[in-house]
Each structure stands twice: as structure tokens, then as C-alpha cells.
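Asker: Quick note on numbering: the UniProt record's numbering labels position 72 of the sequence shown as 72, and the sequence is numbered without any gaps.
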Amino acid sequence: MRKFSSLSDQEILALAISNEEEDARIYADFAYAIRENYPDTSRIFTDMTVEENEHRRTLIDLYVRRFGPHIPLIRRQDISGFMVRKPAWQVQALGIEAVRRHARQMEMDAARFYRQAARRTVDAATRKLLGDLAHAEDQHGETASAIERDRLPDDRRDTEDEGARRRFVLQIVQPGLVGLMDGSVSTLAPVFAAAFATHLPWNAFLVGMAASVGAGISMGFAEALSDDGKLSGRGAPVLRGLICGLMTTAGGIGHTLPFLINDFSAAMIAAVIVVVIELFAISWIRWRYQETPFGSAVVQIVIGGLLVFVAGVLIGSS
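In C-alpha cells, the structure reads:
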């Protein structure tokens, strides 16, 4: 891997051309990937792709005038210390706001890198070249901001953000909440029944682990097979099933782990505390993402959990 300080003017310009080409492809990928759910932001990235291509053509014209038609292949990953772009698909998976932040950061990183490089060189021509590139990136950043203001005023941005929130709730929060509720509540009866029937924490732990894992597998398959998500908008069935299954298992394991404590009374107190925390966490999630009044959510979840808990205690004590 080469150091940036070792590059000649010709190689620096070739690197700049390669950067502009890659950035244009990233913006084009963003525009294509979000075109259905975020049409206004997609058009912003389409305009930014056009800007990058204009920069690329300008740089190529300058290169040809100075060094001829052959442009050596020099990429940012070949240069030590050069910022490396995340793949577009990796950024897209983090959500629309992450995509917007990444695009802004791309321009800031490029401009900052060129300015720092210009300050390190003593060659006047190289300094001027790097300064021109930094200015071009700054201008592109300003252009991108202007395009965003024009294409994506506050009302449209709010609409897109609200759509992203609804998809997040529908595709992530909802299956996770279903799993957490099922795992936390349905496993109470077998765990505490085993605990009170044997007064042996280890037996309660084994029953709790079996019930949690079994419920997780069952709920995961049930969620994944419920629908393909195309008409309901609930997203990929495999992802929903995985989320639901993991949260179901986690909900059951939470109040199972305290039974690793050898002392029965201490294990029981710790398990009850965990159950209370789980029930209030479920209530908070319902209030935060499903707009359920917090008091109502607490009453519904706590009453349901209490009934299952009592059933387990009565069965185990009989």
C-alpha cells in the first residue's frame, strides 16, 4: 500500500478521477435502492450523481491536457490513510437517515483530505491541484445542500421520515414485541411451576431454557410463515421470523437465568425482579412505538403476566 505523499501529480489526478467515478456509482446505487420508498431523496441522489460525473469529466479533461490519454488505475483502497467508502448496500441497511448522513460525510471527507494533502506538499503545482480538488468538493457539498433544500423541503422530509418510522415499527418492532411478549409471559408458568414443585433452582433453569428455546423456534417459524410481507408491507419473512424467534427466546431466558443461583429464595427473588422489569419494558415499547397509553399498557401486561405467574405457582405447589 502506497503513501499519499509518494504520489506524483499525475497519480493524484488519476486517483481523483477514480474517486469521482466511485462516488457517482454510490450515489446512483442510493438513488436506485430508495426510489420506491423515498422518491424525493432518490431524486436528490440522482442530481448528485450528475454533479459527480461533471467533476469526473472536468478532471479527465485536465488530466488529458497535462499527461495524455492513458489514466492509470489508482484506487482509494490502494493508498495508506485514505478514507474508504462503505458499500452502498451496507449503508442502506441502516436506514434513510444513515444514507443522508453518509452522503454528506463523503463530501466532507474528500474535501478535508485534499486540503490536508495540499498543506503537506511543497510543490506549487501539486498544491494548486489539491486545492482545486478541495474547492470542487466543497462546491459539490454546497450544491448537494442546495439540491436537498430544493428537492426535499421540510414537509416532504417529514413525510419520508414518518414512512421510515412506520416501516421500522411494522417490520422490526412489531415481530420483536410479539416475540418478547410471548417469551416473557408464556414461559412464566412452566418456570415457576418447576421451581415451586421441586424447590431446586437447577430444575427450574432447565425447564426455563427448554421452554424459551422451544418457544423461540416455534414463534420464529410461525412469524416467518404467516405471510410473505409483499402485500402487508411487513418486510422479509425470514428477517421477521428471526427477530421474533430471538426475542421470544430472550424473553424467556431473562427470568430463567436467576435460577442459576443455588439458593432457592435468592433465585426466586431475583427472578421476580426480572419479571417485573420485563413486563414494564414491554409496556414501554408498546407506549413508545404503538401509541398505547402507558398506564393502559402496564395494566394489560402486568395483569396478564400476574395471572400466568399465579397459575404456575399454584400448579407447582399442588
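Even for Gly, the Cβ is constructed at its ideal location relative to N, Cα and C.
#1: Whole angstroms are fine: how far does the CA of residue 22 sit from the CA of residue 64?
#2: Within the chosen definition, does the stretch 298-318 reach the stretch 236-254 through at least 3 CB pairs nearer than 8 Å?
#3: Once DSSP output is grouped into helix, strand and coil, what is the label at residue 128?
#4: Residue 243 and residue 183: beta carbons closer than 8 Å?
#5: With a threshold of 16 other CB atoms inside 10 Å of the CB of residue 5, please say whether the residue is buried or exposed.
#6: Could you spell out where the alpha helix (DSSP H) holding residue 41 opens and where it closes?
#7: Taking the alpha-carbon positions, what's the residue 276 to residue 94 distance?
#8: Taking the alpha helix (DSSP H) that residue 185 belongs to, which residues open and close that run?
#9: My assumption, with CB atoms under 8 Å, is that residue 209 sits in contact with residue 248. Please give the rounded CB distance.
#10: Of the choices 2, 298, 191, 287, whose alpha-carbon is the least far from that of residue 74?
#11: Measuring alpha carbon to alpha carbon, tell me which residue in 195, 77, 134, 105 is nearest residue 260.
#12: Considering residue 254, what are the terminal residues of the alpha helix (DSSP H) in which it resides?
#13: Ends of the alpha helix (DSSP H) at residue 303?
#14: If we count the other Cβ atoms within 10 Å of its Cβ and call it buried at 16 or more, is residue 310 buried or exposed?
#15: I'd like to know whether the C-beta atoms of residue 106 and residue 85 end up nearer to each other than 8 Å.
#16: Could you compute how far the alpha carbon of residue 284 sits from the alpha carbon of residue 38?
#17: Let's see if you can read the secondary structure: which residues bound the alpha helix (DSSP H) around residue 201?
#18: Is residue 267 buried or exposed, if buried means 16 or more other CB atoms sit within 10 Å of its CB?
#19: For the structure I just gave you, are there three or more beta carbon pairs, one from the stretch 43-52 and one from the stretch 25-34, closer than 8 Å?
#20: For residue 225, which residues of its own chain have a beta-carbon under 8 Å away from its beta-carbon, when the five flanking residues on both sides are left out?
#21: Let's see if you can read the secondary structure: which residues bound the alpha helix (DSSP H) around residue 25?
#22: In or out: residue 116 buried (at least 16 other Cβ within 10 Å) or exposed?
#23: Which same chain residues, not among the five before or five after residue 110, have their C-beta less than 6 Å away from its C-beta?
#24: Let me know the secondary structure DSSP gives residue 85 once reduced to three states.
#25: Could you tell me which of 223, 222, 221, 189 sits nearest to residue 207, measuring between CA atoms?
#26: Note down, in chain order, each residue of its chain lying with its Cβ closer than 8 Å to the Cβ of residue 131, except the 5 sequence neighbours on either side.
#27: Within 10 Å of its beta-carbon, does residue 36 have 16 or more other beta-carbons around it, so buried, or fewer, so exposed?
#28: If we ignore side chains and look at the alpha-carbon of each, how far apart do residue 102 and residue 25 end up?
#29: DSSP three-state label for residue 93, please.
Answerer: Answer, in terms of the structure:
#1: 20 Å
#2: no
#3: helix
#4: no
#5: exposed
#6: 39-67
#7: 32 Å
#8: 174-186
#9: Not quite, the Cβ-Cβ distance comes to about 13 Å (not below 8 Å), so this is no contact.
#10: 2
#11: 195
#12: 237-254
#13: 294-317
#14: exposed
#15: yes
#16: 29 Å
#17: 201-226
#18: buried
#19: yes
#20: 237, 241
#21: 9-33
#22: exposed
#23: 137
#24: coil
#25: 189
#26: 114, 115, 118
#27: exposed
#28: 14 Å
#29: coil
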